[in-house]
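In full-length UniProt numbering, the protein residues as written are 1 to 616.
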């Protein structure tokens, strides 16, 4: 008797399901990709139980006749490959013919479809890989596929699934990736009646799709990137360095419209931004890389999230060039043209003004003494100014403090250097006036010239206040009554509802108000007049994971967000002399060790002897 036997088709499909169908998100991905290949203009995804109980994907694509509807359930039956050469010229999402039979083998599967102008539709039902049941159905436009009780007949696989909310997050991310890759298609996803993702087709402005995925506040920060070389085209959008995340969730790369996660590409993007971002921050970039299908192998991974380029170095160089051009132009500062000035009657943007002034001083000093002016402690806190701007006056320059061996400004909190000012330093300053309507100029102890950024100073003082309130009372600071309702992006609303305990610890009372609307009832002191929408969306990104211990460590990023928005509100109008002196007193009592979102308080401090030397 032979010891080797041919496996049954049912068992073969279950083995294939282990490679193709990892979790509900895998089902969503495969079914939606088929809908895209079918030429759909609108795709709807309905989930129940995190996608484990039910997944329904409906589209308005070209549909199928009865013969094709039955044939698609056979393994390796596909409309996308015919000959060997087709495997090396793949321009569709699916091509192996494995997904549908694999999914049907581990679920209760139903397909309802009809081809164009058909008077009778087709419904095909399969339970756990059994024989298909085919029946007539009402004609319809496109296809609807229902997948219920995923892995019901493979309990060993089902028990390895995560909790429902975890599986739901993976499914939602699968929808976001496909939506970002196909802005000309409308995507609408829901979970048990609640909206997960909603975005109409937006072929003319893909930034709308990115904003739907990453939050509406991202839209004004997005700038186009483009680089075209022989055989490679890089297009997409990258956010200015002032809009970042604390992880890489805002990095999306697509090759011929297929989402991939290539370490080389991710590293290339991060290196392009490394001189512009604060430590621990990650850029937001959505890049589309189009290459000749023959120059990329997409058949190297069951999930199709890895590819192999014929010229990987050439692709990485094109990505670097595209991002570097945008970053060097610094469009978020206004004009990206060197030496450009605003037209008559138009006020110059504050960040662009400061950048131009520092550039002028640097050039003048280099011409006179052959060395740059030793200003240049960071001046973040300028609206629209990235963290590295102001260090040498242009992106990518070394900070003057590092170049001259000079201690950083108070507030940078570098442990081995000058973390905090001497006791009573700020109270001893003598205010002299304002510079450019933006900075406070003071005379410091011993005859020093001190220029202070009021936003960063306010932020430092507010952060200290919020930290001490949290540490001393172990309870939220006394809240201030506040009443408003806001409709937020789905990810933000979801994060806020899940993080209600953390928000309460910080002094916020946020309640769900139906759909993606939340009610904000109370806020901590100092945030009464803040922009509620911008504040909540920023907090949504900064809250610790659900279930994390709530202390000053896990809430640090949220506290920084609160301090920044409180400072923005307090500094909306210039400080009076009395208010500025009160702020100086607060700074003398402030803790300079925790980092702020905008870290520096003293922008420039120059000794009198240095001024006299330069005046000779």
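Where is the CB? At the ideal position from N, CA and C, for every residue including glycine.
Every value quoted in this text rests on a predicted model; they were computed, and no experiment measured them.
Residue i - partner residues in DSSP beta bridges
i	result
residue 493	None; residue 493 has no bridge partner.
residue 233	228 and 290
residue 252	286
residue 58	44 and 144
residue 604	451
residue 219	The partner list for residue 219 (beta bridge, DSSP) is empty, contrary to what the question assumes.
residue 504	Answer by DSSP bridge pairing: none, since residue 504 is not bridged.
residue 281	Its beta-bridge partners do not exist; DSSP assigns none.
residue 186	42
residue 518	486 and 512
Which of helix, strand or coil DSSP assigns to residue i
i	result
residue 442	strand
residue 50	helix
residue 399	Confidence at residue 399 is low in this model, with a pLDDT of 32, below 50, so its placement is unreliable and the value that follows should be read with caution. Here residue 399 sits in coil by DSSP.
residue 426	helix
residue 197	strand
residue 265	helix
residue 259	strand
residue 592	coil
residue 122	strand
residue 597	coil
residue 523	strand
residue 154	coil
residue 108	strand
residue 336	In this prediction, residue 336 scores a pLDDT of 40, lower than 50, which makes its location untrustworthy; the coordinate-derived value is nonetheless stated afterwards. Of the three classes helix, strand and coil, the one that applies to residue 336 here is coil, per DSSP.
residue 38	coil
residue 26	helix
residue 74	coil
residue 467	helix
residue 64	coil
residue 319	helix
residue 510	strand
residue 407	Residue placement at residue 407 is flagged as unreliable, the pLDDT there being 39, under the threshold of 50; the coordinate-derived value follows with that caveat. In this structure, residue 407 counts as coil in the three-state DSSP scheme.
residue 163	coil
residue 483	strand
residue 383	Confidence is the limiting factor: at residue 383 the pLDDT is only 32, short of 50, which leaves the residue's position unreliable and the question unanswerable from this model.
residue 296	strand
residue 528	coil
residue 577	helix
residue 192	coil
residue 176	helix
residue 623	Missing from the structure shown is residue 623; the chain here goes from 1 to 616 and no further.
Distance CB(residue i)-CB(residue j) smaller than 7 Å
i	j	result
residue 605	residue 546	no
residue 147	residue 187	no
residue 164	residue 50	yes
residue 320	residue 287	no
residue 496	residue 518	yes
residue 428	residue 445	yes
residue 508	residue 485	no
residue 124	residue 131	no
residue 462	residue 566	yes
residue 58	residue 144	yes
residue 183	residue 206	yes
residue 100	residue 73	yes
residue 310	residue 227	no
residue 292	residue 256	no
Candidates the options: closest to residue i by CA position
i	options	result
residue 568	586, 528 and 554	528
residue 105	118, 128, 116 and 123	128
residue 238	315, 185 and 328	328
residue 526	322, 75, 464 and 501	464
residue 118	132, 151, 201 and 62	62
residue 574	586, 591, 590 and 440	440
residue 582	487, 454 and 297	454
residue 26	151, 205, 289 and 278	151
residue 102	143, 22 and 179	22
residue 277	183, 246 and 494	246
residue 36	209, 563, 190 and 181	181
residue 138	516, 126, 154 and 121	121
residue 554	591, 578, 113 and 503	503
residue 592	459, 550 and 520	459
Residue-level contact to chain D via CB, residue i, 7 Å cutoff
i	result
residue 24	This model lacks chain D altogether, as it is built from one protein chain only.
**Segment contact, 8 Å Cβ cut-off, at least three pairs: the segment 559-567 with the segment 459-470** = Yes, since at least three Cβ pairs between the segment 559-567 and the segment 459-470 fall closer than 8 Å, the two stretches touch.
**Request:** State whether the segment 215-231 contacts the segment 530-540, with contact taken as three or more CB pairs (one from each stretch) at a distance under 8 Å.
**Result:** yes
**Asked** Quick one: any contact between the segment 229-237 and the segment 257-276, if contact means 3 or more CB pairs under 8 Å?
**Response** no
**Asked** Are there three or more Cβ pairs, one per stretch, closer than 8 Å when the segment 167-187 is compared with the segment 64-73?
**Response** These segments do not touch.
**Message:** Within 8 Å, do at least three Cβ pairs link the segment 172-184 to the segment 33-49?
**Reply:** Remark: three or more beta-carbon pairs, one from each stretch, lie closer than 8 Å, so the segment 33-49 and the segment 172-184 are flagged as touching.
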